[in-house]
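Colleague:
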């Protein structure tokens, strides 16, 4: 730690000495002639997570010299804090030409000017929202600094530094505006390059500079944070960086935080190199088309190991034969499980390629006033479709990649030595594309592998799922593919869905499970053209989804698992030999998951309302309390508030206790995206994060139909009391939905069983 601190100090001293030795790059702007202003500095302490203030004096231009989409930049000079013995007059006039150069960044607002409102001026935004945004920018920069320190602990060839940022407030200006301030970076780096933006929060990577350190640092921040953070927008001079954007798993860092979608865009363009291998960063798998798109990868490089390919050769041949038969005989197959997937993502999918679906209004009208048996028959008949013939042919290589991907989807991801581009002995394997790798990294200490834990795997699964969705939405139209006539890389969709499934991502397991069952998926309608129907594989994938983690850092939403249960139920209905006990257990699980979904939706609504009012806890809020101050938090409800003390009633036994504020924390629902009360802006919904509504998560069967079916089985097995109660619930639900005949029949059955 001491060595790192010394290295950073030398780097900063070197930059400062260089600035002093050179002529002031801003001398031509005559900033010293501008009247000085008193400002209040707001400095963030990342340890205490609190703000500290002091006063200083600055000279700042009135006009901006650069601007982005939301912020404008002002040139500014700041002197060190004056000694107590000096007068303001002497301090203002001394040394301004040698004062340090800073950039002050302010959020701007457009205002109408003139009586007729015909003009418009751009002014500094002095609203509370803008001040919170400035604070958020400072906190974000400290977040990046934290991961930079972690990165430097590994002793990379080049250490990195993020400039210290703070906020200034102008107490003598109208409405006391706030600005974010950091040192101005001038000059060039050791390679002669000036200010460079190395990557962005939306996947851009500077291909001219091809600097390894900035890109590897971004990837490092993801794995070091267990997939909860990725520092992007790396920009600056050399390895002195400024103004980053942090992507988070819960979208807590403002409008620029694209979450898992932004992480997916980064990894799609990230090139693994010898430096990432030496630092223990696992290889992020990319499809063959994606690797070919990256110029430094050779076409023959595979993301699946040669050993695994040989072990599965027989199974690949069988799967290949199945795929080829599917291409030839697709039109002959007239009956299979199907479901409406009338999906369009931002208009990017050609409507002519969508599968035919029954309009919802017609379907609803047709299903009214049906008996329970007629309802099941209608659901089944509405799931029959005529398959479309593939519009593109596939090579043997395409078929092999799809085959390998589909097999991989059914196995848990393994992070052995091959995932870190190392030999079994731990020795780094040389990359063929980097003949000079040893020269650049010979003095770098080999770090232990960053083996993903459960939280990292969960976030990796979400990144792969988002990549599949991005490919499905034709996000990467610049990629050239050999087989797909319209540019859609369907092989990459399958590849990333399969990897997400191997990481037990519920949305991916549901999507691929639906496709394997012939139902299609909103991820892409073209999946039906390359993925053969296999009900055994479909059941395995759906079971993965249903049995996914239900607590801890990898909690999965109940809605996705409930939808998977409904699909599984439809498959079991079509299979011979399914026992009543099997159906009973599945129906009970699905109904419980639906109840959990309703509870999660209520908790999410309450959580969002708390965020809108500033995050303060009120009576009735769901929280976790530090039971008896022992360090273990249990869920409960706030029942009383007195000053800084909260009375919490616990869920498990109904007991209550009064706790100080620091021993009570909000209970965050598993479906929430923003988890901090000081988040700038509201958290994204899952649909906003994906870019479209995930229609796969819509249950295929109504709750009252499930209840009636379970009641039939319960009655058959002799559980008349339970069956009567379920029939009564089904009748109530059917009546509320306008299904009067079904409601009448089920109510009569409930009465007969209760007699």
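In my numbering, the protein residues as written are 1 to 755. Don't be surprised by glycine CBs; every beta carbon is placed ideally from N, CA and C.
Cα separation between residue 760 and residue 715?
Modeller: Because residue 760 is not part of the residues shown, which for the chain are 1 to 755, the question remains open.
Colleague: Rounded to the nearest angstrom, what separates residue 732 and residue 594 at their Cα positions?
Modeller: Along the chain shown, read from residue 1 onward, the residue named residue 732 stands at position 732. Along the chain shown, read from residue 1 onward, the residue named residue 594 stands at position 594. Those two C-alpha atoms are separated by around 17 Å.
Colleague: To the nearest angstrom, report how far apart residue 134 and residue 614 are at their CA atoms.
Modeller: Translated into the one-based positions of the chain shown, residue 134 becomes position 134. Translated into the one-based positions of the chain shown, residue 614 becomes position 614. Straight-line Cα distance between these residues: approximately 17 Å.
Colleague: Within 10 angstroms of its Cβ, does residue 475 collect 16 or more other Cβ (buried), or is it exposed?
Modeller: Along the chain shown, one-based indexing puts residue 475 at 475. By the 10 Å Cβ count, residue 475 comes out buried.
Colleague: Between residue 151 and residue 217, is the Cβ-Cβ spacing less than 7 Å?
Modeller: What you label residue 151 is simply residue 151 of the chain shown in a count that begins at 1. What you label residue 217 is simply residue 217 of the chain shown in a count that begins at 1. Yes. Within cutoff.
Colleague: Between residue 737 and the rest of its own chain, which residues show a CB-CB distance below 8 Å, the 5 nearest in sequence each way excluded?
Modeller: For the purposes of this step, residue 737 is identified with residue 737 of the chain shown, where counting begins at 1. Closer than 8 Å at the Cβ level, and outside the excluded window around residue 737, lie 702, 704.
Colleague: When the Cα atoms are used, what is the spatial distance from residue 370 to residue 741?
Modeller: For the purposes of this step, residue 370 is taken as the residue at position 370 of the chain shown. For the purposes of this step, residue 741 is taken as the residue at position 741 of the chain shown. Unreliable placement is indicated for residue 370, whose pLDDT of 39 sits below 50; the coordinate value is still reported in the next sentence. Spanning the two alpha carbons is a distance of roughly 6 Å.
Colleague: By Cβ distance below 6 Å, which residues in the same chain neighbour residue 508 in space, the five residues on each side in sequence not counted?
Modeller: Position 508 of the chain shown, counting from 1, holds the residue named residue 508. Its chain contains 465, 497, 500, 501 as the residues whose beta carbon lies nearer than 6 Å to that of residue 508, once the 5 sequence neighbours on both sides are disregarded; these appear in chain order.
Colleague: Taking C-beta to C-beta, are residue 557 and residue 623 nearer than 7 Å?
Modeller: Locating residue 557 in the chain shown gives position 557, counting from the first residue. Locating residue 623 in the chain shown gives position 623, counting from the first residue. No, the pair does not count as a contact, with Cβ atoms beyond the cut-off.
Colleague: Tell me the residue span of the alpha helix (DSSP H) that contains residue 176.
Modeller: Sequence index remark: in the chain shown, residue 176 carries index 176 (1-based). Premise fails: residue 176 is in no alpha helix (DSSP H) and is neither H nor E.
Colleague: Between the region 562-571 and the region 582-598, are three or more C-beta pairs nearer than 8 Å?
Modeller: yes
Colleague: Assign residue 565 to one of three DSSP states: helix, strand, or coil.
Modeller: On the chain shown, position 565 is the one that residue 565 refers to. Helix.
Colleague: Provide the residue(s) that pair with residue 245 in DSSP beta bridges, ordered along the chain.
Modeller: Your numbering for residue 245 matches position 245 in the chain shown. Beta-bridge pairing links residue 245 to 232.
Colleague: In whole angstroms, what is the alpha-carbon distance linking residue 749 and residue 743?
Modeller: As a first step, residue 749 is located in the chain shown; it is residue number 749 there, counting from the start. As a first step, residue 743 is located in the chain shown; it is residue number 743 there, counting from the start. Distance between the alpha carbons of residue 749 and residue 743: 10 Å.
Colleague: For residue 64 and residue 137, what's the separation of their Cα atoms in angstroms?
Modeller: Looking up residue 64 in the chain shown gives position 64. Looking up residue 137 in the chain shown gives position 137. For residue 64 and residue 137, the distance between alpha carbons rounds to 19 Å.
Colleague: Do residue 512 and residue 541 count as a contact pair if the criterion is CB distance below 7 Å?
Modeller: Within the chain shown, residue 541 is the residue found at index 541, counting from 1. Within the chain shown, residue 512 is the residue found at index 512, counting from 1. Taking 7 Å as the Cβ cut-off, residue 541 and residue 512 qualify as a contacting pair.
Colleague: When the Cα of residue 692 is compared with those of 524, 58, 461, 232, which residue comes out closest?
Modeller: By one-based count along the chain shown, residue 692 stands at place 692. With distances taken between Cα atoms, residue 692 lies closest to 524.
Colleague: Is it the case that the Cβ atoms of residue 76 and residue 57 are separated by a distance below 7 Å?
Modeller: Here residue 76 refers to the residue found at position 76 of the chain shown. Here residue 57 refers to the residue found at position 57 of the chain shown. Going by C-beta atoms, residue 76 is not nearer than 7 Å to residue 57.
Colleague: For residue 110, tell me which candidate among 104, 121, 103 has the shortest Cα-Cα distance.
Modeller: Position 110 of the chain shown, counted from the first residue, corresponds to residue 110. Considering only alpha carbons, the answer is 121.
Colleague: Can you give me the C-alpha to C-alpha distance between residue 696 and residue 534, rounded to a whole angstrom?
Modeller: As a first step, residue 696 must be located in the chain shown, where it is residue number 696. As a first step, residue 534 must be located in the chain shown, where it is residue number 534. Taking the straight line joining both Cα atoms gives about 18 Å.
Colleague: Would you identify the three-state DSSP class for residue 105, choosing helix, strand or coil?
Modeller: As a working note, residue 105 is residue 105 in the chain shown. Strand.
Colleague: Please report how far the alpha carbon of residue 754 lies from the alpha carbon of residue 721, in whole angstroms.
Modeller: Against the chain shown, residue 754 aligns to sequence position 754. Against the chain shown, residue 721 aligns to sequence position 721. Cα-Cα distance, rounded: 6 Å.
Colleague: For the structure I just gave you, are there three or more beta carbon pairs, one from the region 604-613 and one from the region 571-580, closer than 8 Å?
Modeller: no
Colleague: Report the three-state DSSP secondary structure of residue 142 (helix, strand or coil).
Modeller: By one-based count along the chain shown, residue 142 stands at place 142. It is helical.
Colleague: Would you identify the three-state DSSP class for residue 451, choosing helix, strand or coil?
Modeller: Your numbering for residue 451 matches position 451 in the chain shown. In the structure shown, the three-state DSSP call for residue 451 is coil.
Colleague: From residue 261 to residue 99, what distance separates their C-alpha atoms?
Modeller: Here residue 261 is taken as the residue at index 261 of the chain shown, counted from 1. Here residue 99 is taken as the residue at index 99 of the chain shown, counted from 1. The alpha-carbon atoms of residue 261 and residue 99 are separated by roughly 43 Å.
Colleague: At the level of alpha carbons, what is the spacing between residue 472 and residue 655?
Modeller: Position 472 of the chain shown, counted from the first residue, corresponds to residue 472. Position 655 of the chain shown, counted from the first residue, corresponds to residue 655. Straight-line Cα distance between these residues: approximately 51 Å.
Colleague: List the endpoints of the continuous alpha helix (DSSP H) containing residue 594.
Modeller: Counting from one through the chain shown, the residue named residue 594 turns up at place 594. Residue 594 -> alpha helix (DSSP H) spans 580-612.
Colleague: I'd like to check one pair, residue 158 with residue 213: are the Cβ atoms closer than 7 Å?
Modeller: Taking the chain shown and counting its residues from 1, one reaches residue 213 at position 213. Taking the chain shown and counting its residues from 1, one reaches residue 158 at position 158. Yes.
Colleague: Measure the Cβ-Cβ separation of residue 231 and residue 104 and say whether it is below 7 Å.
Modeller: By 1-based counting over the chain shown, the position of residue 231 is 231. By 1-based counting over the chain shown, the position of residue 104 is 104. Not in contact: residue 231 and residue 104 (Cβ atoms no closer than 7 Å).
Colleague: Going by the CB atoms, is the gap between residue 639 and residue 649 shorter than 7 Å?
Modeller: Position 649 of the chain shown, counting from 1, holds the residue named residue 649. Position 639 of the chain shown, counting from 1, holds the residue named residue 639. Yes; because the gap between Cβ atoms is below 7 Å, this pair is in contact.
Colleague: Which stretch, first to last residue, makes up the alpha helix (DSSP H) that contains residue 214?
Modeller: On the chain shown, position 214 is the one that residue 214 refers to. Per DSSP, residue 214 belongs to the alpha helix (DSSP H) from 212-224.
Colleague: Confirm, please, whether the CB-CB distance from residue 25 to residue 171 is below 7 Å.
Modeller: In the chain shown, the residue the question calls residue 171 occupies position 171. In the chain shown, the residue the question calls residue 25 occupies position 25. No.
Colleague: Please state whether the Cβ-Cβ distance between residue 168 and residue 236 is less than 7 Å.
Modeller: For this step, residue 168 is matched to residue 168 along the chain shown. For this step, residue 236 is matched to residue 236 along the chain shown. Against a cut-off of 7 Å, the Cβ pair of residue 236 and residue 168 comes out as no contact.
Colleague: Put residue 266 into one of helix, strand or coil per three-state DSSP.
Modeller: As a position in the chain shown, residue 266 is number 266, starting the count at 1. In the structure shown, residue 266 sits in a helix (DSSP, three-state: H, G or I).
Colleague: Between which two residues does the alpha helix (DSSP H) containing residue 546 stretch?
Modeller: By one-based count along the chain shown, residue 546 stands at place 546. Start and end: 535-546.
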